[in-house]
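Numbering (this note's numbering), first residue to last: 586 to 864. Below is one structure, written out as structure tokens; comments come after it.
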């Protein structure tokens, strides 16, 4: 089975370029934008040799995993376009619900069943600002990049990487893959569902006009609400309780003095990791 778009995505004018191996789907999408591509273009691959994550970190995409980047162009402001990361997170979570429902996951991340000899329940959550977790381990990451076009429109690339068969073991946080979790799903099947879920959520978003509903849906799937967090921001570590994300999708914590702090960008650590790894 090769990569393909959902019928709904095709009807809405989306296009697809699929590769078996690629340097970086985001880089190719940005190249297409500079060459005059009108957007609504998905670039996908099962292997990425020079992918990157937030803050220039490497993102490994071994063969069989999913690397997908969506190129969009328009007159929207950068602040508005940045909220597409939340659309992407919701779309990926919805896609996983469709092709890998909770019942499809055979085990938890430690490989153990529950106390009754059955299988551990699986919880897929969204971690601010752009990760997807399965039982607390990173399953997927999202990276937004942008470039200004000659006609002053903005090109936005929404990059999505999912550990389908392999996950990195040289990272300072727990990671996992669909295969390790026992889910029988390949990159092509997941992308098909993702292209469909993107249609639904982007229509709700409506170039930022429906952001309130996106925010509501995202919070319903958010990891760590009400728990202790540490957020590294420009070398400093802020600690408190994760309360919500605000109307601009900033991370909101309440510190020990009761002050609400709004954070636009940073690395978030929950629970015990908040104490052990944020410093």
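We put the CB at the ideal spot given by N, CA and C, even for glycine. Here the structure is a predicted model, which is why all the values come from computation and not from measurement.
Determine the DSSP secondary structure at residue i, reduced to helix, strand or coil.
i: residue 801; result: helix
i: residue 699; result: Only weak support is given to the placement of residue 699: the predicted model assigns it a pLDDT of 42, under 50, and the question is left unresolved by the model.
i: residue 813; result: strand
i: residue 665; result: helix
i: residue 807; result: strand
i: residue 837; result: strand
i: residue 709; result: strand
i: residue 615; result: helix
i: residue 724; result: strand
i: residue 763; result: coil
i: residue 693; result: Any reading at residue 693 needs caution, since the residue's pLDDT is 47, under 50, leaving its predicted position unreliable; the model's value is listed next. In the structure shown, residue 693 sits in coil (DSSP, three-state: anything other than H, G, I, E or B).
If you compare alpha carbons, which of the options is closest to residue i?
i: residue 709; options: 728, 659, 768; result: 768
i: residue 612; options: 629, 596, 599, 600; result: 629
i: residue 588; options: 652, 617, 622; result: 652
i: residue 598; options: 789, 805, 845, 781; result: 781
i: residue 831; options: 847, 746, 788, 812; result: 847
i: residue 634; options: 627, 604, 665; result: 604
i: residue 827; options: 719, 788, 844; result: 844
i: residue 722; options: 815, 624, 809; result: 809
i: residue 679; options: 794, 795, 819, 777; result: 777
i: residue 614; options: 595, 662, 730; result: 730
i: residue 757; options: 804, 654, 852; result: 852
i: residue 825; options: 660, 854, 802; result: 854
i: residue 815; options: 775, 655, 765, 841; result: 841
i: residue 735; options: 681, 591, 600, 618; result: 618
i: residue 738; options: 819, 632, 622; result: 622
i: residue 717; options: 788, 807, 801, 820; result: 807
i: residue 682; options: 812, 715, 620, 719; result: 719
i: residue 672; options: 752, 649, 655; result: 655
i: residue 582; options: 820, 833, 811, 805; result: Since the first residue of the chain shown is 586 and the last is 864, residue 582 is not available in this structure.
i: residue 811; options: 820, 801, 800, 839; result: 839
i: residue 666; options: 835, 797, 743, 771; result: 743
i: residue 648; options: 631, 740, 659; result: 631
i: residue 711; options: 821, 670, 596, 627; result: 670
i: residue 784; options: 586, 626, 620; result: 626
i: residue 650; options: 819, 761, 686, 602; result: 761
i: residue 620; options: 595, 726, 732; result: 732
i: residue 663; options: 741, 753, 595, 713; result: 741
i: residue 835; options: 823, 849, 822; result: 849
i: residue 728; options: 766, 668, 763, 771; result: 668
i: residue 713; options: 822, 787, 800; result: 800
Look up residue i in the DSSP assignment and give the residues it is bridged to.
i: residue 583; result: Outside the shown range of the chain (586 to 864) lies residue 583, about which nothing can therefore be said.
i: residue 731; result: 741
i: residue 854; result: 815
i: residue 847; result: 837
i: residue 768; result: Per DSSP, none; premise fails for residue 768.
i: residue 751; result: The partner list for residue 751 (beta bridge, DSSP) is empty, contrary to what the question assumes.
i: residue 746; result: 652, 726
Tell me whether residue i, by its Cβ, gets closer than 8 Å to a heavy atom of the ligand GTP.
i: residue 762; result: For the structure depicted, the ligand GTP is absent and the ligand set is empty, with no information on it obtainable.
Residue i lies in the alpha helix (DSSP H); which residues open and close that run?
i: residue 674; result: 669 to 684
i: residue 828; result: From DSSP, residue 828 is part of no alpha helix (DSSP H) but of the beta strand (DSSP E) over 821 to 830.
i: residue 594; result: 592 to 596
Span of the beta strand (DSSP E) holding residue i?
i: residue 789; result: First-last for residue 789: 772 to 790, but that is the alpha helix (DSSP H), not the beta strand (DSSP E).
i: residue 719; result: 716 to 719
Using 8 Å for Cβ pairs, my map puts residue i next to residue j. What's the rounded Cβ distance?
i: residue 661; j: residue 773; result: Not confirmed; about 31 Å, so no contact.
i: residue 750; j: residue 724; result: At roughly 12 Å, the Cβ-Cβ gap does not stay under 8 Å, so residue 750 and residue 724 are not in contact.
i: residue 624; j: residue 593; result: Not a contact, Cβ separation roughly 17 Å.
i: residue 803; j: residue 674; result: 7 Å
i: residue 775; j: residue 684; result: 6 Å
i: residue 745; j: residue 677; result: 6 Å
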